[in-house]
Amino acid sequence: MILNDNNWKRFDELLNMTPYKGHFQIHDIHNVELRKKWGLSQRKIHDYLLAYIREGNGHYDIDGNICPIVPGNMILISPDLIHSAQQYDITPSLYSIRFGLYDNQLLKDISDEVNPFYIYYSPSNSEYYRNLMNEIYKCYINVSYGTNHKRLLNAYMTKILSDIYCEMSNEGKSYDMRLERARVYIIKHPLEEHDINELAKISGYSSAYFSKKFKAQYSISPKSYIFENKMKYSRTLLTEYNYSIKEVANKLGYSDQYIFSNQFKKTFGITPAKIKNSR
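In terms of full-length UniProt numbering, the sequence shown opens at residue 1 and continues consecutively.
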């Protein structure tokens with residue numbers, strides 16, 4: 001794994017923009033095989049590139065960094081990052097996905113909101129990713145999925161990036177899955193009045209130790225994370241399900257919709273009314 005703090009931070013930023021602000025959308029998928037010669041001239045592209053190496057050898061040059069082409073390895077390159085590639089004696093075969101990040105409301109490409117970065121990764125279970133990339137490719141070329149075709153592809157994209165992120169998290173630092181159980185519980189129950197003692201029990205920690213460990217792992221206190229998740233969910237209710245501001249305030253437990261509106265603006269820098277009017 002070739003990864004520095006900036007690359008990791010930007011990969012984290014990319015995934016944190018979904019599902020509330022944006023979603024991934026696949027532009028194109030290539031199954032590169034049976035070529036006599038392969039390579040990429042120095043270039044910049046305007047979408048993300050995710051590649052899985054099946055066979056062959058060579059290297060990518062990404063912004064001056066050499067990343068060897070090795071079977072089972074994966075490479076993620078963000079938009080506007082200079083890169084090239086060349087083969088050695090064995091022509092590479094690979095899956096290549098081009099995709100973008102799109103705003104949920106405006107449906108415009110917002111990939112450039114994350115600064116350029118790249119990930120070069122050797123997964124512990126490369127066969128899993130090979131099979132997953134193959135499933136994505138088969139879905140891409142098979143239009144029999146009908147109206148759900150694009151939706152399924154985009155869900156696949158979210159899954160594979162999230163899987164890579166989680167696996168890299170476990171390898172790159174001490175990642176406590178007991179805390180993750182509590183975090184997932186918070187996400188799945190955004191309207192619940194979460195009690196720190198109950199969340200600590202889910203993780204198997206005392207309340208004080210749970211709060212300390214949670215902040216160390218996620219760089220945010222449990223209380224702030226609960227509030228942030230609730231605000232993100234309120235935005236989804238306003239924009240995706242067309243609830244009124246008063247209805248959303250009531251769902252979140254606010255007796256006064258104006259208090260809710262003020263906290264919403266402090267969180268997102270825009271009022272709920274403007275969010276609804278921009279749809």
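Glycine residues also receive a C-beta, built at the ideal position from the N, C-alpha and C atoms. Quick caveat, the model's predicted, so the values are computed rather than measured.
Q. Assuming His59 and Ala85 make a contact with CB atoms under 8 Å, what is their CB distance in whole Å?
A. Sure, about 7 Å apart at Cβ, within 8 Å.
Q. Going by alpha carbons, who is nearest to Lys274 out of Ala249, Thr239, Glu127?
A. Closest in alpha carbon position to Lys274, among Ala249, Thr239, Glu127, is Thr239.
Q.
Using C-beta distances below 7 Å, list every residue in its chain close to Glu13, excluding the 5 sequence neighbours before and after it, in chain order.
A. Taken in chain order, the residues that qualify are Val114.
Q. With a Cβ-Cβ cutoff of 9 Å, do Ile29 and Ser96 count as a contact?
A. Contact flag set, yes.
Q. Can you tell which of His149, Thr267, Gly56, Ser126 has the C-alpha that lies nearest to the C-alpha of Arg235?
A. For the residues His149, Thr267, Gly56, Ser126, the minimum Cα distance to Arg235 belongs to Thr267.
Q. Can you tell me the Cα-Cα spacing of Asp195 and Phe260, whole angstroms?
A. Per the coordinates, the alpha-carbon of Asp195 lies some 21 Å from the alpha-carbon of Phe260.
Q | Simplified DSSP assignment, three categories, for Tyr128 | A | Judged by DSSP in its simplified three-state form, Tyr128 adopts helix.
Q | Boundaries (first-last residue) of the alpha helix (DSSP H) holding Pro272 | A | First-last of the alpha helix (DSSP H) with Pro272: 272-277.
Q.
Using CA atoms only, rank isn't needed, just tell me which of Asn6, Glu55, Gly253 is closest to Phe117.
A. The residue with the shortest Cα to Cα distance from Phe117 is Asn6.
(Q) Using the three-state DSSP reduction, which class does Phe117 fall into: helix, strand or coil? (A) Reduced to three states, the DSSP call for Phe117 is coil.
Q. Per DSSP, which one or two residues make a beta bridge with Ile226?
A. DSSP, once it has assigned bridges, lists no residue as partnering Ile226.
Q. If Pro92 and Glu127 are in contact, beta carbons under 8 Å, what's the gap, nearest whole angstrom?
A. Contact between Pro92 and Glu127 is ruled out by a C-beta separation of about 18 Å, above the 8 Å threshold.
Q) Can you round the beta-carbon distance between Leu94 and Val32 to whole angstroms, since I take them to be within the 8 Å contact cut? A) A Cβ-Cβ distance of about 5 Å is found for the pair Leu94 and Val32, placing them in contact under the 8 Å criterion.
Q) So Leu76 is in the beta strand (DSSP E); what residue range does that whole segment cover? A) Residues 74-77.
Q. In angstroms, rounded to a whole number, what distance separates the CA positions of Ala216 and Gly39?
A. For Ala216 and Gly39, the distance between alpha carbons rounds to 43 Å.
Q | Pairwise C-alpha distance: Tyr129 and Asn73 | A | In this structure, the alpha-carbon of Asn73 lies about 9 Å from that of Tyr129.
Q) Taking the C-alpha atoms as reference points, what is the distance between Ile136 and His27? A) C-alpha separation (whole angstroms): 12 Å.
Q) CA-CA distance, Ala249 and Ala51? A) When only Cα atoms are considered, Ala249 and Ala51 end up about 44 Å apart.
Q. Considering Ser203, what are the terminal residues of the alpha helix (DSSP H) in which it resides?
A. Its alpha helix (DSSP H) spans residues 196-203.
Q) Expressed to the nearest angstrom, what Euclidean distance is found between the alpha-carbon atoms of Glu247 and Ile186? A) When the Cα atoms are used, Glu247 and Ile186 turn out to be separated by approximately 21 Å.
Q) For Tyr225, is the classification buried or exposed, using 16 other Cβ atoms within 10 angstroms of its Cβ as the cut-off for buried? A) Flag for Tyr225 reads buried.
Q: Taking all protein chains shown into account, decide if Leu199 is buried (16 or more other Cβ within 10 angstroms of its Cβ) or exposed.
A: Burial state of Leu199 is buried, judged by a 10 Å Cβ sphere holding 16 or more other Cβ atoms.
Q) Which residue comes first and which comes last in the alpha helix (DSSP H) that contains Val248? A) Segment 245-251, the alpha helix (DSSP H) holding Val248.
Q: Using beta-carbon positions only, say whether Leu101 and Gln25 come within less than 9 Å of one another.
A: Contact: yes.
Q) Would the beta-carbon of Met17 be found less than 8 Å away from any heavy atom of the ligand HEM? A) With respect to the ligand HEM, the structure shown offers nothing to examine, as it has no ligands at all.
Q: Classify Tyr241 as helix, strand or coil using the three-state DSSP reduction.
A: If DSSP states are grouped into helix, strand and coil, Tyr241 belongs with coil.
Q) When you compare each of Tyr233, Phe264, Gln87, Asp112 to Pro71 by their alpha carbons, which one comes out closest? A) Nearest of Tyr233, Phe264, Gln87, Asp112 to Pro71, Cα basis: Gln87.
Q: Answer yes or no: do Tyr165 and Leu15 have a C-beta to C-beta separation smaller than 9 Å?
A: The answer is yes: Cβ separation under 9 Å.
(Q) Beta-carbon within less than 7 Å of Lys230's beta-carbon, same chain only, minus the 5 sequence neighbours each way: which residues are those? (A) Within the same chain, Pro190, Leu252 come within 7 Å of Lys230 by CB-CB distance, once the 5 residues on both sides are set aside.
**Q.** Ala208 burial status per 10 Å Cβ neighbour count (16 or more: buried)
**A.** Counting Cβ neighbours within 10 Å, Ala208 comes out exposed, since fewer than 16 surround it.
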